[in-house]
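Below is one structure; the comments refer to it alone.
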Amino acid sequence: MNTKQKEHIIENTIIFVKKTLVNAEGGHDWWHILRVYNTALLIAKSEDVDVFVVALGALLHDIADSKFHNGNETIGPEKASTFLITAGVSKEIIAHVANIIQHISFKGGNEKQTFKSKELDVIQDADRLDAIGAIGIARAFNYGGFKNREIYNPTIQPNLNLTKEAYKKSTAPTINHFYEKLLRLKDKMNTTTGKKLAEKRHVFMQAFLDQFYTEWNASS
941 MNTKQKEHII ENTIIFVKKT LVNAEGGHDW WHILRVYNTA LLIAKSEDVD VFVVALGALL
1001 HDIADSKFHN GNETIGPEKA STFLITAGVS KEIIAHVANI IQHISFKGGN EKQTFKSKEL
1061 DVIQDADRLD AIGAIGIARA FNYGGFKNRE IYNPTIQPNL NLTKEAYKKS TAPTINHFYE
1121 KLLRLKDKMN TTTGKKLAEK RHVFMQAFLD QFYTEWNASS
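Quick note: the sequence shown uses the numbering used here, first residue 941, plus one each step.
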């Protein structure tokens, strides 16, 4: 497949994703996909990866997020695969992209990842970077509001040992999510670039939490 063919497939994938996610929740909409896509391409510049696979995987990684489909983790890979077949992508690349979608998510942070590839490492870092820092904070509270969750409840402590199923079913306040996931992502980055970018965003989240508690407790 030549460069022009790949570019055409990527253009059609963008059209497909935009159309599919037109009414998506604000933290998992087209703009989230675009940020992850751009960040993944940035990270890929410093990694020995198949950029075509990275592009497709980033664009399709949330095409049917399980949290919006009753926890079903097969819909995303299946939907992406069906589209890529019609787009004329090879079976090998389709299988790779499907595996990336299947294994990209955090899932409570205690699940052993059974599939690895350098392309997954890049996209996973890009996706996790969009979950931290200023945008990560905005996304966390947007999703919390979408699920009608409390902002904070000091009587409900974070649980750092959630199973995958418990994590998916959690209704805990949004502040708990910082401890159960967001603050843990810095140490779960795969690539050198991902680790570097995560450091600054992690510091920003810590500063936000310090200010949050100061205001919550009416401290000076």
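Don't be surprised by glycine CBs; every beta carbon is placed ideally from N, CA and C.
Query raised in the report: Along the chain, which unbroken stretches of the alpha helix (DSSP H) at least 4 residues long are found entirely within the segment 1007-1040?
Result: 1015-1026
**Report entry** Beta-carbon contacts of Phe1023 that lie in its chain and below 6 Å, excluding the five residues immediately before and after
**Finding:** Phe956
Report task. Only counting runs of 4 or more residues, tell me where the alpha helix (DSSP H) segments fall wholly within the segment 1050-1117, in order along the chain. Result -> 1058-1069, 1073-1086 and 1104-1109
**Report entry** DSSP three-state assignment for Gly1048, whether helix, strand or coil
**Finding:** The predicted position of Gly1048 is uncertain, since its pLDDT is 47 and thus under 50; a value taken from the coordinates is nonetheless stated next. Gly1048 falls in the helix class under three-state DSSP.
Query raised in the report: So what does DSSP say about Lys985, is it helix, strand or coil?
Result: coil
Requested in this report: Name the two residues that bound the continuous alpha helix (DSSP H) containing Glu1139.
Outcome: Thr1132 to Trp1156
Report task. Rank Asp990, Ser1159 and Asp1002 by C-alpha distance to the C-alpha of Ile1033 and give the top, closest one. Result -> Asp990
Requested in this report: Compare the C-alpha of Glu1018 against each of Val1029, Ala1027, Val1062 and Ile1041 and name the closest.
Outcome: Ile1041
Report task. For Asn978, name the three-state secondary structure that DSSP assigns. Result -> helix
Query raised in the report: Taking the alpha carbon of Ala984 as the point to measure from, which residue in Gly1016, Phe1144, Gln1146 and Ile1063 has its own alpha carbon closest?
Result: Ile1063
Requested in this report: State whether the segment 1068-1077 contacts the segment 1133-1146, with contact taken as three or more CB pairs (one from each stretch) at a distance under 8 Å.
Outcome: yes
Query raised in the report: Just checking, does the segment 1118-1125 make contact with the segment 1051-1060 on the three C-beta pairs under 8 Å criterion?
Result: no
Report task. State the DSSP-derived secondary structure class of Ala995, mapped to helix, strand or coil. Result -> helix
Query raised in the report: In whole angstroms, what separates the C-alpha of Asn937 from that of Ala1038?
Result: There is simply no residue 937 to check, as the chain begins at 941 and stops at 1160 in what is shown.
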